[in-house]
Amino acid sequence: MQVLSYDPELCVGCYICEEVCSETWFKVADAEKSSIRIHDDGAGPLSAVFCNQCGECIEVCPTEALYQDKKGIVRLRKKLCVGCLSCVGFCPHGAMFYHADRTEPFKCIVCGKCVEECPADALTINEQ
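The numbering used here puts the first residue of the sequence shown at 3, with every later residue one more than the last.
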(Lines of atoms letter the chains of each structure in order from A and count residues from 1; the text may use other names and numbers.)
(Lines give C-alpha, C1' and ligand atoms only; values in the text may rest on other atoms or scores of the structure.)
Protein backbone atom coordinates (compact mmCIF):
# COMPACT_ATOMS: atom_id res chain seq x y z
CA MET A 1 0.00 0.00 0.00
CA GLN A 2 1.28 3.46 -0.85
CA VAL A 3 1.31 6.12 1.85
CA LEU A 4 2.42 9.71 2.00
CA SER A 5 5.40 10.38 4.28
CA TYR A 6 6.60 13.67 5.73
CA ASP A 7 10.04 14.64 7.05
CA PRO A 8 9.71 17.66 9.38
CA GLU A 9 13.47 18.20 9.30
CA LEU A 10 13.32 18.92 5.57
CA CYS A 11 10.13 21.03 5.51
CA VAL A 12 10.81 24.73 4.97
CA GLY A 13 7.25 25.88 5.65
CA CYS A 14 6.53 27.15 2.15
CA TYR A 15 3.01 25.60 2.15
CA ILE A 16 3.28 24.79 -1.56
CA CYS A 17 1.92 21.31 -0.79
CA GLU A 18 -1.31 22.81 0.55
CA GLU A 19 -1.60 25.14 -2.43
CA VAL A 20 -1.01 22.47 -5.09
CA CYS A 21 -3.43 20.09 -3.38
CA SER A 22 -6.29 22.57 -3.27
CA GLU A 23 -5.58 23.77 -6.81
CA THR A 24 -5.53 20.19 -8.10
CA TRP A 25 -8.80 19.11 -6.52
CA PHE A 26 -10.73 22.37 -6.01
CA LYS A 27 -9.17 24.62 -8.67
CA VAL A 28 -8.41 27.30 -6.07
CA ALA A 29 -5.43 28.02 -3.80
CA ASP A 30 -7.03 27.67 -0.36
CA ALA A 31 -5.35 25.88 2.55
CA GLU A 32 -8.78 25.02 3.98
CA LYS A 33 -9.45 22.98 0.84
CA SER A 34 -6.20 21.04 1.02
CA SER A 35 -5.99 17.39 2.05
CA ILE A 36 -2.60 18.05 3.64
CA ARG A 37 -2.24 20.61 6.41
CA ILE A 38 1.08 21.98 7.64
CA HIS A 39 1.01 23.24 11.23
CA ASP A 40 3.41 25.55 13.01
CA ASP A 41 2.88 25.62 16.75
CA GLY A 42 6.01 27.74 17.20
CA ALA A 43 7.55 25.21 19.56
CA GLY A 44 9.61 23.13 17.15
CA PRO A 45 9.58 21.60 13.71
CA LEU A 46 6.49 21.99 11.55
CA SER A 47 4.05 19.09 11.57
CA ALA A 48 1.83 17.74 8.82
CA VAL A 49 -1.64 16.22 8.94
CA PHE A 50 -2.81 13.93 6.14
CA CYS A 51 -4.56 10.58 5.81
CA ASN A 52 -2.37 7.54 6.47
CA GLN A 53 -4.97 5.21 4.88
CA CYS A 54 -5.60 3.36 8.17
CA GLY A 55 -9.25 2.81 7.21
CA GLU A 56 -10.69 3.39 10.68
CA CYS A 57 -13.17 5.89 9.22
CA ILE A 58 -14.75 3.16 7.09
CA GLU A 59 -16.37 1.56 10.14
CA VAL A 60 -18.29 4.70 11.16
CA CYS A 61 -19.77 5.55 7.77
CA PRO A 62 -23.51 4.78 7.97
CA THR A 63 -23.93 4.55 4.17
CA GLU A 64 -20.78 2.59 3.30
CA ALA A 65 -19.59 5.54 1.21
CA LEU A 66 -16.03 4.97 2.40
CA TYR A 67 -14.04 1.97 1.23
CA GLN A 68 -10.47 0.84 0.73
CA ASP A 69 -9.56 0.25 -2.91
CA LYS A 70 -7.35 -2.62 -4.09
CA LYS A 71 -4.26 -0.45 -3.58
CA GLY A 72 -5.23 0.23 0.04
CA ILE A 73 -6.28 3.86 -0.51
CA VAL A 74 -9.37 4.94 1.43
CA ARG A 75 -11.83 6.41 -1.07
CA LEU A 76 -15.22 8.10 -0.90
CA ARG A 77 -18.18 7.21 -3.08
CA LYS A 78 -19.70 10.68 -3.41
CA LYS A 79 -23.06 9.35 -4.55
CA LEU A 80 -23.45 7.39 -1.30
CA CYS A 81 -22.20 10.11 1.05
CA VAL A 82 -24.97 11.92 2.95
CA GLY A 83 -22.64 14.51 4.48
CA CYS A 84 -23.13 13.36 8.08
CA LEU A 85 -19.41 14.03 8.76
CA SER A 86 -19.10 11.08 11.14
CA CYS A 87 -15.79 10.27 9.49
CA VAL A 88 -14.49 13.80 10.05
CA GLY A 89 -15.22 13.64 13.77
CA PHE A 90 -14.03 10.07 14.15
CA CYS A 91 -10.70 10.17 12.28
CA PRO A 92 -8.05 9.49 14.95
CA HIS A 93 -5.52 11.56 13.01
CA GLY A 94 -7.74 14.54 12.18
CA ALA A 95 -7.07 13.86 8.51
CA MET A 96 -10.61 13.78 7.12
CA PHE A 97 -11.51 17.33 6.21
CA TYR A 98 -14.67 19.32 5.50
CA HIS A 99 -15.33 22.66 3.85
CA ALA A 100 -18.68 24.47 3.75
CA ASP A 101 -18.47 24.67 -0.06
CA ARG A 102 -18.87 20.90 -0.33
CA THR A 103 -21.47 18.40 0.80
CA GLU A 104 -19.01 15.59 1.33
CA PRO A 105 -15.72 15.44 3.25
CA PHE A 106 -12.35 14.99 1.55
CA LYS A 107 -8.97 13.44 2.31
CA CYS A 108 -5.59 12.60 0.83
CA ILE A 109 -5.69 9.85 -1.79
CA VAL A 110 -1.91 9.79 -2.33
CA CYS A 111 -2.12 11.38 -5.77
CA GLY A 112 1.49 12.60 -5.45
CA LYS A 113 0.97 16.18 -6.63
CA CYS A 114 2.35 17.59 -3.37
CA VAL A 115 5.37 15.30 -3.60
CA GLU A 116 6.11 16.49 -7.15
CA GLU A 117 5.96 20.16 -6.14
CA CYS A 118 7.69 20.12 -2.73
CA PRO A 119 10.91 22.12 -3.24
CA ALA A 120 12.53 20.65 -0.13
CA ASP A 121 11.72 16.98 -0.79
CA ALA A 122 10.00 16.81 2.60
CA LEU A 123 7.19 14.68 1.15
CA THR A 124 7.58 11.22 -0.35
CA ILE A 125 5.37 8.30 -1.28
CA ASN A 126 6.41 5.01 0.28
CA GLU A 127 5.19 1.44 0.24
CA GLN A 128 3.89 0.21 3.57
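Think of the CB as a built atom: it goes at the ideal place given N, C-alpha and C, for glycine as much as any other residue.
As the structure is a prediction and not an experimental result, all values here were calculated from the model.
Alpha-carbon spacing of residue i relative to residue j, whole angstroms
i	j	result
Trp27	Thr126	19 Å
Leu82	Leu68	9 Å
Pro47	Gln130	24 Å
Glu25	Asp32	8 Å
Lys80	Gly114	21 Å
Gln2	Gly44	Outside the shown range of the chain (3 to 130) lies residue 2, about which nothing can therefore be said.
Arg104	Asn128	30 Å
Collapsed DSSP secondary structure at residue i in the structure displayed
i	result
Ile38	coil
Val112	coil
Glu11	coil
Closest by C-alpha distance to residue i, when choosing among the options
i	options	result
Val131	Val22, Phe92, Pro10 and Tyr100	A query on residue 131 cannot be resolved here, the shown segment of the chain reaching from 3 to 130 and no further.
Val76	His95, Gly91 and Val112	Val112
Pro64	Gly57, Asp43 and Cys86	Cys86
Ala102	Leu12, Pro10, Asn128 and Glu34	Glu34
Presumed contact (8 Å Cβ cut-off) between residue i and residue j, rounded CB distance
i	j	result
Lys109	Ser37	5 Å
Val51	Ser88	Contact doesn't hold; Cβ gap of about 19 Å is too wide.
Ala124	Tyr17	That belief does not hold up - the Cβ atoms of Ala124 and Tyr17 are roughly 11 Å apart, past 8 Å.
CB of residue i within 9 Å of CB of residue j, strictly
i	j	result
Glu119	Cys19	yes
Lys72	Gln4	no
Ala122	Val30	no
Val90	Tyr100	yes
Pro107	Glu58	no
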